[in-house]
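Structure, as structure tokens:
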Ligand code: 9Z3
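Given below as structure tokens:
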């Protein structure tokens, strides 16, 4: 894929790939299924020395929650996430409206203890977290930009090839469709004042500013003009070249309910992978549409009285808060469905 010849390899990728290799080897030896879960939004930097970037709403709730249910289902998980987005287990405490200190109190002797209200729930989460650490079943890797995301995805997919059908890709990250290619990226902070915005040195050192190599983001008079390229169709590459023997699940996010099913069907047809999970921005926390060649379309829904309270979204765009005494997370319905489908794929051969 030409993309990787002209966009820079992330600095920490070699070191992280080494860790991933050891993790994958361990679980291959132990015949454990390994899920690569991607999570959170990707940024699109406008400058090489990045001051400004384009981002999206994703807080990484789907990915972090799903990772926990994959672990519970016996999978080892590589959690490729947007740095500082939600993480499995710590998500219960990190991005809530409470400050983490609100979970604690002093006992009668003045020692810091967990408040009685949270003690049982925290003990349960701690037990799962400790198990994952003891068994080394959770590997956490960060990305920030869409470029880093694509490089990590490719390298990890290639490392996972020996797992064959025991490897699974669960692509919940909200990946930007547009980006600034390295050869059209300016090196320095874009100057808003006309007095300073004449010099536009590209990150490759080129600064002749002729029309054909105009920086993707630049000032025209007082206006900032941003002209983005499409992100290459990496899912096609993943399915056909990087992970041809693994199970691949992609997500499709829409805001218009009337096109969700059609868009999922079209993705399934275009990429010929195993499963597309469709979701709508407003209802994504309590309903999803599962679309596969094998089983057709199926909605999974959390009953109204069991919906979770709205979990933090960066823009507050989540479902309306619906208090539930004993809430069900939709991922607790999604992952068992996937596990069953994955078992069929492993047992009966690839149904693509
Ligand atoms: C999703 O649809 C995820 O479910 C959400 C989760 C991003 C909505 P949150 O992080 O949200 O829990 O707040 N991911 C979208 C995946 C995506 O970008 N798909 C692309 C596409 O369909 C590439 S596979 O083209």
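Numbering (full-length UniProt numbering), first residue to last: 1 to 352. Virtual Cβ for every residue (Gly too), placed ideally from N, Cα, C.
{"query": "Where the alpha helix (DSSP H) through residue 61 begins and ends", "result": "61-72"}
{"query": "Simplified DSSP state of residue 362, which is helix, strand or coil", "result": "Residue coverage of the chain in this structure runs from 1 to 352, which leaves residue 362 outside it and unanswerable."}
{"query": "Unbroken stretches of the alpha helix (DSSP H), 4 residues or longer, contained in the stretch 77-118", "result": "91-94"}
{"query": "Rounded Cβ spacing between residue 249 and residue 274 (contact assumed at less than 8 Å)", "result": "6 Å"}
{"query": "Every unbroken alpha helix (DSSP H) inside the stretch 232-285 [4 residues or more]", "result": "234-237 and 260-271"}
{"query": "CB of residue 60 within 8 Å of CB of residue 74, strictly", "result": "no"}
{"query": "Neighbour-count burial assignment, residue 315, 16 or more Cβ in a 10 Å radius", "result": "Because residue 315 sits at a pLDDT of 46, beneath the cut-off of 50, its placement in the model cannot be relied upon, and the following sentence gives the value as read from the coordinates. So residue 315 ends up on the exposed side."}
{"query": "Cα-Cα separation, residue 53 to residue 76", "result": "33 Å"}
{"query": "Residue 138: first and last residue of the uninterrupted beta strand (DSSP E) it sits in", "result": "138-143"}
{"query": "Check whether residue 138 and residue 71 have beta carbons under 8 Å apart", "result": "yes"}
{"query": "Rounded Cβ spacing between residue 115 and residue 129 (contact assumed at less than 8 Å)", "result": "Contact doesn't hold; Cβ gap of about 19 Å is too wide."}
{"query": "Proximal residues to residue 145 (C-beta, below 6 Å), its chain only, five neighbours per side dropped", "result": "43 and 45"}
{"query": "Cut-off 7 Å between Cβ atoms - residues of its own chain near residue 9, not counting five sequence neighbours on either side", "result": "151"}
{"query": "Nearest candidate by alpha-carbon position, reference residue 193, set 83, 204, 221 and 62", "result": "221"}
{"query": "Outcome for residue 24 when other beta-carbon atoms lying within 10 angstroms are tallied against a minimum of 16", "result": "buried"}
{"query": "Strand pairing of residue 356, partner residues [DSSP]", "result": "Outside the shown range of the chain (1 to 352) lies residue 356, about which nothing can therefore be said."}
{"query": "For residue 113 and residue 157, the rounded distance between their alpha carbons", "result": "43 Å"}
{"query": "Spatial distance of residue 240 from residue 271 (CA atoms)", "result": "8 Å"}
{"query": "Length of the line joining the Cα atoms of residue 12 and residue 27", "result": "23 Å"}
{"query": "CB contact flag (residue 245, residue 165, <8 Å)", "result": "yes"}
{"query": "Residue 147 CB to nearest heavy atom of the ligand 9Z3 below 7 Å", "result": "no"}
{"query": "Secondary structure of residue 331, DSSP reduced to three states", "result": "helix"}
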